[in-house]
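Accompanying notes for the structure given below.
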Amino acid sequence: MTVVTLDMVRKIYPNGFEAVKPCSFKIPDGEFVVLVGPSGCGKSTLLRMIAGLEEISGGAISIGQRVVNDVDPANRNIAMVFQNYALYPHMTVSQNMGYGLKNRGLPKSEIQKKVLDAAKMLNLMDYLDRRPSQLSGGQRQRVAMGRAIVRSPELFLFDEPLSNLDAKLRNQMRIEIRSLQRRLGVTAVYVTHDQIEAMTMADRIIVLNEGRIEQIGTPAEIYNQPASTFVAGFMGAPPMNLLNATRSENGLLSIGDDIQINIEAPKSADKEFLLGIRPEDVEMRAEGGLPCDVQIVEELGANHLMHGKLGGQDFSVSVPKDVQAITGPVTYGLKPNAAHFFDKESGFRL
Ligand code: ATP
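For what it's worth, UniProt numbering labels the leading residue of the sequence shown as 1, then goes sequentially.
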């Protein structure tokens, strides 16, 4: 059972910069957790602290029953897969995969068995005698995975492992990594700045912003109930529309001076607040809806994006490909539960 617990873990670099503010969370055994956030938010620092590659400045990290604050990376029983694969160029695939085990002094026959098992799992049987330079990017990434698997770690750590692959291979590898982790049942922490990877791979997502946890939740919770405008804007492409809105005398919601929506404004809101609407939660209506002036249509194949102005504010809508998307004046209607409300000052969900 490998539960990972972080209790008020923080990182202050020697120059005084607090890259990770006190962070607490628990990862249950076998869970796949994705740390996601924009560049510089502290996700690699957090992962490297779990790995023991970076000292922590406060708090405690436990892996299983053990507090590992002062345990060397080599003794944490973890395996880390990096973006640049970190393979040895002069060794064959099989030697690369078995290297860690050889260092541990395992007998040759046992190493061979583990390497073969992993190679079968990863479709690498035909490449065992090749060197990394004779492999494609996806195959190299599989070798890096193989090297992690053979060590039977308690915890997998992934640091943006798919960043160097093209889009098609990335899609394929994320399915492979996820199904492999499920099969092995090993707890995993995966760092990415790619919200699609986070949404598709995670059991739970931790969204980081400027060294702080903005939200922890399942992909559905994060997407459907974003805790802040930051999360709402980061998860989803195109992002959620955020409109300045007010509560009118009758308690309904208004955008600008002329547009009133037949939805009750949140009672907890100040007079002014932000209204969030996902682009796909809007549909074209013949009449009686929200008037919008569409300026640009992007055709993406499965759907069309219609970008325009609503009450003078930017507003983007995604409609299925069978809907005729046009520029010029249109009226939209909101699907049920389309409206999200956020405090204008703090950005937090109301
Ligand atoms: P990216 O996706 O770009 O790798 P990240 O979210 O993984 O970003 P980190 O690498 O964890 O971010 O860095 C977090 C912050 O800490 C950044 O602002 C970075 O500049 C800063 N930082 C990282 N290493 C050091 C260091 N050794 N000394 C001072 N500041 C550092």
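All C-beta atoms in this analysis are idealised placements derived from N, C-alpha and C, irrespective of residue type, glycine included.
Three-pair Cβ contact test at 8 Å for the stretch 19 to 36 versus the stretch 180 to 196: yes
For Gln134, which three-state DSSP category applies? helix
Considering only heavy atoms of ligand 1, list every residue whose Cβ is less than 6 Å from one of them, following chain order. Tyr13, Asn15, Phe17, Ala19, Gly37, Ser39, Gly40, Cys41, Gly42, Lys43, Ser44, Thr45 and His193
Given a cut-off of 8 Å on the beta-carbon distance, is the pair Glu272 and Gly333 in contact? no
If you draw a straight line from the C-alpha of Arg174 to the C-alpha of Met201, how long is it? 7 Å
In the structure shown, what three-state DSSP assignment does Pro329 receive? When DSSP states are grouped into helix, strand and coil, Pro329 belongs to the strand group.
Looking at C-alpha atoms only, which residue of Arg48, Gly98, Leu274 and Glu221 is the closest neighbour of Gly347? Leu274
Beta strand (DSSP E) segments (min. 3 residues) lying fully within the stretch 5 to 61: Secondary structure within the stretch 5 to 61: the beta strand (DSSP E) runs of 3 or more consecutive residues, fully enclosed, are 18 to 27 and 32 to 36 (chain order).
In whole angstroms, what is the alpha-carbon distance linking Glu249 and Glu264? The alpha-carbon of Glu249 is positioned some 11 Å away from that of Glu264.
Would you grab the beta carbon distance between Ala245 and Leu253 for me? Rounded to a whole angstrom, and I think it's under 8 Å. Between Ala245 and Leu253 the beta-carbon gap is near 6 Å, inside 8 Å, which marks them as a contact.
For Gln172, which residues from the same chain have a beta carbon less than 8 Å from its beta carbon, with the 5 sequence-adjacent residues on both sides left out? The residues are Gly138.
Ordered list of beta strand (DSSP E) runs contained in the stretch 66 to 144, each at least 3 residues: 78 to 82
C-beta contact flag for Gly211 and Ala339 at 8 Å: At least 8 Å separates the beta-carbon of Gly211 from that of Ala339.
Using alpha carbons as the reference points, say which of Ser57, Thr229 and Gln295 lies closest to Phe341. Thr229
Select from Arg76, Ala51, Lys21 and Leu128 the residue whose C-alpha is nearest the C-alpha of Asn57. Note that residue 57 is Ser in the sequence shown here, rather than Asn. Ranking Arg76, Ala51, Lys21 and Leu128 by Cα distance to Ser57 puts Lys21 first.
Starting from Glu272, trace the beta strand (DSSP E) both ways and give me its first and last residue. Glu272 to Ile277
Ordered list of alpha helix (DSSP H) runs contained in the stretch 154 to 218, each at least 4 residues: 167 to 184 and 195 to 201
Which of helix, strand or coil does DSSP assign to Arg247? Arg247: strand per DSSP, three-state reduction.
For Lys11, count the other beta carbons within 10 Å of its own beta carbon; 16 or more makes it buried, fewer makes it exposed. Which is it? buried
Mapping the DSSP letters down to three states, classify Glu283 as helix, strand or coil. strand
So, with DSSP's three-state summary, where would you put Val231? helix
Quick check on the DSSP output: what are the complete beta strand (DSSP E) runs of length 3 or more inside the stretch 288 to 313, in order along the chain? 290 to 299 and 303 to 310
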